[in-house]
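Written below as structure tokens is the structure these notes are about.
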Amino acid sequence: MRITVIGTGYVGLVTGVSLAEIGHHVTCVDVDEAKVAMMANGISPIYEPELEQLMEKNIQSGHLSFTTELHFSSADVIYIAVGTPQLPDGTSDLQYIEQAALDIARSLTKDAIVVTKSTVPVGTNHWIKTLIEEATPKEIKITIVSNPEFLREGSAVYDTFNGDRIVIGTENNQGREILDDINASFGLPIYHTDLKSAEMIKYASNAFLATKISFINEISAICEKVGANVEDVAFGMGKDNRIGDKFLNAGIGYGGSCFPKDTNALVQIAGNNEHDFKLLKSVIKVNNSQRMKLVERAIEAVGDLSGKRISLLGLSFKPNTDDMREAASIPIAQELVNQGAHVVGFDPIAIPNARSFLPEEVQFKETIEETIRGADVALIITEWDVIKSIDLTAYTTLMTSPIVIDGRNCYSLDEVRRHPIHYISIGRPEIQNRFVANSLNTR
């Protein structure tokens, strides 16, 4: 089919490229001329494994193109995949959705099927339909479909072809049948429902996963107090099929563009409908406080942080992405700077983006070794493979005092015990092996 995708962020670009890969003719539309020119040359504006290779392949085959032209009359199906950022009160900003709907309406000369991939509050798809219908001739019929995405940044391409399900919310059989045809080649289970239920499935799914993360982080706090190991606890819990082992990794909480925004939005949706979502409010509160645990542990370990050299290992909100939105490194770095520390950061991919998000006082290094050289404390923020696989002797030979505070539980306790490191992790026993301060390291 001929498909137009409006918006080329994570969702729009991955959606467009993936639909081209299964044989559709896809045009991705964005108003940013420089960005469109870059993508037309096969260069992805975001770091996402496998995405650029698929872009180049499908551009060459003629299945994928990019444009700034807001004309959709030749498309069989139009996807809306624009951003819905969070407003100060926690609600979703729908200005880009509204603009996309109006742009579609101005271009239509025939019946249209409009598919919403953007995460939108319940009832938005009906509103989109009304906007388009009010701006088009009465004889043009609009079919609206809600097709929420369930992609993880860093594995979005993999998830598209290996997901658990495809959710399609429709008002009529025509929309259902066409979306079934479009998605058939993915070979994934398709679940059909109504528009509002499809919209709610997206929010409810992310809220539940966020709840699991905050829950295990609360359990980790208790484990630290009673001397239990949260990894063993999570493993034992996960063996229960009713619980499962996913999203039970204790750490410094969730971040990114989805969980923080969607949990806040769902609280607002509930409040707008006279329901006080107390559980989700607690989930959000726990997550926000979890980030500061590394700073608290650093103060406990060395006292006053003023003048101390603190290394941040990993800056993006999760591995395999350069996305800094709601990254834990942002409030952590700001608090360390406020405490008077000298902060040095490393990330294998995200440093160019991190410069715009972190305090200007933060220095950046290209390698882990450069980052931890002469450091008093190293904080592990993001569990990149390059950080997880480092030889632990680097901490003892390069740091002034090898104090490692691991916010992602990257290292096994057995391995840490073989090295003279003071090691603090989340929900696991603290290890205080004896070490001699390395006075030869320079700052």
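Position one of the sequence shown corresponds to residue 7 (the numbering used here), numbered consecutively onward.
Every residue gets a Cβ at the ideal spot worked out from N, C-alpha and C, and that includes glycine.
Check	Outcome
Contact defined as beta carbons within less than 8 Å: I believe Ile196 pairs with Ile172. What is the distance between those atoms, to the nearest angstrom?	5 Å
Across which residues does DSSP place Gly149 in a beta bridge pair?	Residue identity check: residue 149 is Thr in the sequence provided, not Gly. Note: Thr149 sits in a beta bridge opposite Ile119.
Just to check my reading of the structure: Met411 and Ala304 have Cβ atoms closer than 8 Å, yes? What is that Cβ distance to the nearest angstrom?	Note on identity: in this sequence residue 411 is Ile, with Met being the wrong assignment. Right, their Cβ atoms sit about 6 Å apart.
Whole angstroms is fine: what's the gap from Leu446's alpha carbon to Gly380's?	For Leu446, the predicted structure reports a pLDDT of 42, less than 50, and the residue's modelled location is therefore unreliable. A value from the coordinates is still provided. C-alpha separation (whole angstroms): 9 Å.
When burial is assigned at 16 or more other CB atoms within 10 Å of the CB, is Gln438 buried or exposed?	exposed
Looking at Trp390: is its Cβ nearer than 7 Å to the Cβ of Pro337?	no
Quick one: give me the first and last residue of the alpha helix (DSSP H) that Asp112 is part of.	What sits at residue 112 in the sequence shown is Arg, not Asp. Start and end: Gln101 to Ser113.
According to DSSP, simplified to helix, strand and coil, what is Gly242?	helix
Got a sec? Which residues, its chain only, sit under 7 Å from Thr448 by beta carbon, not counting five neighbours each side?	Bear in mind that a pLDDT of 43 at Thr448, under 50, signals an unreliable position, so the model cannot answer this.
I'd like the span of the alpha helix (DSSP H) that includes Arg248, first residue to last.	Neither: Arg248 is in no alpha helix (DSSP H) and is coded neither H nor E.
Please confirm whether Leu201 and Asn131 have their CB atoms less than 7 Å apart.	yes
Does Gln296 pass the burial test, meaning 16 or more other C-beta atoms within 10 Å, or should it be called exposed?	buried
Run the CB neighbour count on Pro143, radius 10 Å, all protein chains shown included, and call it buried at 16 or more, exposed below.	exposed
When you compare the CB positions of Leu318 and Ser335, do they come within less than 7 Å of one another, or not?	yes
Using a Cβ-Cβ cut-off of 6 Å (strictly less than) and excluding sequence neighbours within five positions of Leu364, which residues of its own chain qualify?	Ala339
Buried or exposed for Ser497, going by 16 or more other Cβ atoms inside 10 Å?	The question about residue 497 has no answer, for the chain in this structure spans 7 to 449.
In the structure shown, what three-state DSSP assignment does Glu436 receive?	coil
Could you work out which residue in Ile84, Thr74 and Asn294 is closest to Ile219 when comparing CA atoms only?	Asn294
Within its chain, find whatever has a CB closer than 7 Å to the CB of Leu254; leave out the 5 residues flanking it on each side and keep chain order.	Lys218, Ile222, Ala240, Met243 and Gly244
Examine the Cβ distances between the segment 279–291 and the segment 107–120 and report whether three or more of them are shorter than 8 Å.	no
For a minimum of 4 consecutive residues, which ranges assigned as the alpha helix (DSSP H) are wholly contained in the segment 342–368?	357–363
Hey, out of Ile258, Phe283 and Val292, whose CA is closest to Leu321's CA?	Ile258
Any idea what DSSP makes of Thr142, helix, strand or coil?	coil
Measuring alpha carbon to alpha carbon, tell me which residue in Arg434, Ala360, Arg361 and Lys267 is nearest Pro91.	Lys267
Using beta carbons (cut-off 7 Å, strictly below), is Glu376 in contact with chain D?	Among the chains of the structure shown, chain D does not appear; only one protein chain is present.
If you compare alpha carbons, which of Asp186, Asp165 and Ala400 is closest to Gly175?	Asp186
Kindly indicate which three-state DSSP category Leu272 falls into: helix, strand or coil?	helix
Given Gly15, which residues of its chain have a CB within under 8 Å of its CB, disregarding the five upstream and five downstream residues?	Ile52, Ala87, Val88 and Gly89
Once DSSP output is grouped into helix, strand and coil, what is the label at Arg449?	The predicted model places Arg449 with a pLDDT of 42, which falls under 50 and marks its position as unreliable; any figure quoted below should be read in that light. Here Arg449 sits in coil by DSSP.
Let's see if you can read the secondary structure: which residues bound the beta strand (DSSP E) around Thr73?	Leu70 to Thr73
Exposed or buried, Glu205, counting other C-beta atoms within 10 Å across all chains shown (16 or more means buried)?	buried
Distance check for Glu372 and Tyr429, CA to CA, integer angstroms please.	24 Å
CB Ser152 to CB Pro127, shorter than 7 Å?	no
How many whole angstroms separate the CB atoms of Lys314 and Asp382, which I take to be in contact at a CB cut-off of 8 Å?	4 Å
DSSP puts Tyr197 in a beta bridge; with which residues?	Val173
Around the C-beta of Pro154, are 16 or more other C-beta atoms found within 10 angstroms, so that it is buried, or is it exposed?	buried
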